[in-house]
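Reading through the structure tokens given below for one structure.
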Ligand code: NDP
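Residue numbers (this note's numbering): 565 to 820.
Structural data, given as structure tokens:
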């Protein structure tokens with residue numbers, strides 16, 4: 565059996581109203597999937613549905629009852645893409661706000677785990693299914709945001725341990741760990757317009773949301789007996805997990 569069975573495959577994508585999630589919806593609808601797009605901004609989802617034909621669900625993923633209700637309503641799905649997430653990077657931990665900590669952890673960690681828990685049982689019962697978690701380079705390597713890095717490190721270990729818990733069930737778990745992707749991430753992360761503009765201008769060619777969707781697609785379409793554990797990808801000119809970017813050193817100039 566391959567990842568492309570004859571039945572119409574059903575997928576849920578969280579955080580589908582912009583960036584990586586929206587690109588994934590476009591990509592998988594084009595591949596013939598029945599895609600259920602989840603986010604809070606109804607108008608964005610309406611536009612996405614008009615453009616792609618995806619089903620939409622206006623939902624805050626931190627609303628546990630809403631998540632459980634959605635899983636009950638949809639029944640068995642083939643792929644869950646846990647993509648909804650954010651960073652809050654106005655200040656370091658010492659001078660930051662408690663609400664930034666709770667919002668980040670509740671969205672990036674708790675909601676991702678609850679969403680997974682809600683959709684897993686039918687996957688296990690049917691002996692097939694795929695959980696795709698969008699982690700981050702920040703979860704694997706040091707980066708200048710303690711809270712965001714901690715949340716994504718949790719996604720990393722959750723994904724690895726879940727894979728062990730699910731051994732023998734036929735259910736696959738993949739973590740995708742991007743470096744910088746050109747999305748609205750920094751519009752949410754940084755409140756001050758000047759700092760935001762500076763953060764968004766990395767000066768290098770960033771990964772596009774569509775390229776990220778290609779990576780998700782690769783992990784999903786491999787034969788069902790193959791589990792892509794983790795994909796790390798970042799702009800060529802970005803250092804590991806780094807917030808610093810180096811443009812290509814001109815030919816003839818010394819690297820050191
Ligand atoms: P965007 O800000 O463009 O997209 C984030 C998405 O998450 C939006 O659709 C937003 O929808 C949704 N979201 C946020 N909070 C909630 C919530 N409580 N309930 C439902 N949906 C929510 O950023 P990206 O596309 O870049 O981010 C996608 C993922 O990729 C995140 O997990 C992020 O951490 C990760 N990532 C991004 C990187 C980058 O450089 N861009 C690098 C590494 C990882 P709405 O506001 O409508 O609810």
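We put the CB at the ideal spot given by N, CA and C, even for glycine.
Consider the C-beta atom of residue i and the heavy atoms of the ligand NDP; say whether any pair is separated by less than 7 Å.
i: residue 748; result: yes
i: residue 760; result: no
i: residue 647; result: yes
i: residue 642; result: no
i: residue 695; result: no
i: residue 679; result: no
i: residue 700; result: yes
i: residue 584; result: yes
i: residue 605; result: yes
i: residue 650; result: yes
i: residue 629; result: no
i: residue 767; result: no
i: residue 742; result: yes
i: residue 581; result: yes
i: residue 624; result: yes
i: residue 671; result: yes
i: residue 737; result: no
i: residue 773; result: yes
From the DSSP output, in three-state form, read off residue i for me.
i: residue 758; result: helix
i: residue 691; result: coil
i: residue 802; result: strand
i: residue 653; result: coil
i: residue 599; result: strand
i: residue 635; result: helix
i: residue 569; result: Because the pLDDT of residue 569 is 48, which lies under 50, any placement of that residue in the model is unreliable, and the number read from its coordinates should be weighed accordingly. Looking at residue 569 - three-state DSSP - the assignment turns out to be coil, as it is neither helix nor strand.
i: residue 590; result: helix
i: residue 605; result: coil
i: residue 644; result: strand
i: residue 792; result: coil
i: residue 619; result: strand
i: residue 665; result: helix
i: residue 612; result: helix
Could you name the residues of the same chain whose beta carbon sits closer than 7 Å to that of residue i, not counting the 5 residues immediately before and after it, in chain order?
i: residue 657; result: 710 and 711
i: residue 565; result: The pLDDT assigned to residue 565 is 36, lower than 50, so where the model puts this residue is not dependable, and the model offers no usable value.
i: residue 690; result: 640
i: residue 750; result: 760, 763 and 764
For residue i, I'd like the list of residues in its chain whose CB is within less than 8 Å of its CB, leaving aside the five on either flank, ordered along the chain.
i: residue 617; result: 593
i: residue 641; result: 574, 575, 576, 600, 683, 686, 687 and 693
i: residue 660; result: 652, 654 and 711
i: residue 572; result: 596, 597 and 598
i: residue 627; result: none
Looking only at its own chain, which residues have a Cβ that is under 6 Å from the Cβ of residue i, when we skip the five neighbours before and after it?
i: residue 713; result: 702 and 707
i: residue 719; result: 697, 699 and 703
i: residue 624; result: 604
Should residue i be counted as a contact of the ligand ADP given a C-beta to heavy atom distance under 7 Å?
i: residue 721; result: Inclusion of the ligand ADP in the displayed structure is not the case, the ligand content consisting of the ligand NDP alone.
### Query
For the stretch 714-784, which segments carrying the alpha helix (DSSP H) assignment without a break, of at least 4 residues, lie completely within its bounds, in sequence order?
Listed in chain order, the alpha helix (DSSP H) runs fully inside the stretch 714-784 are 749-753 and 757-764, counting runs of at least 4 residues.
#### Entry: Given 8 Å, three or more beta-carbon pairs between the stretch 769-785 and the stretch 737-749
Yes: the two stretches touch, three or more of their Cβ pairs being nearer than 8 Å.
### Query
So does the stretch 668-677 actually touch the stretch 605-620, counting three or more Cβ pairs closer than 8 Å?
Three or more Cβ pairs closer than 8 Å define a contact, and the stretch 668-677 falls short of that threshold against the stretch 605-620.
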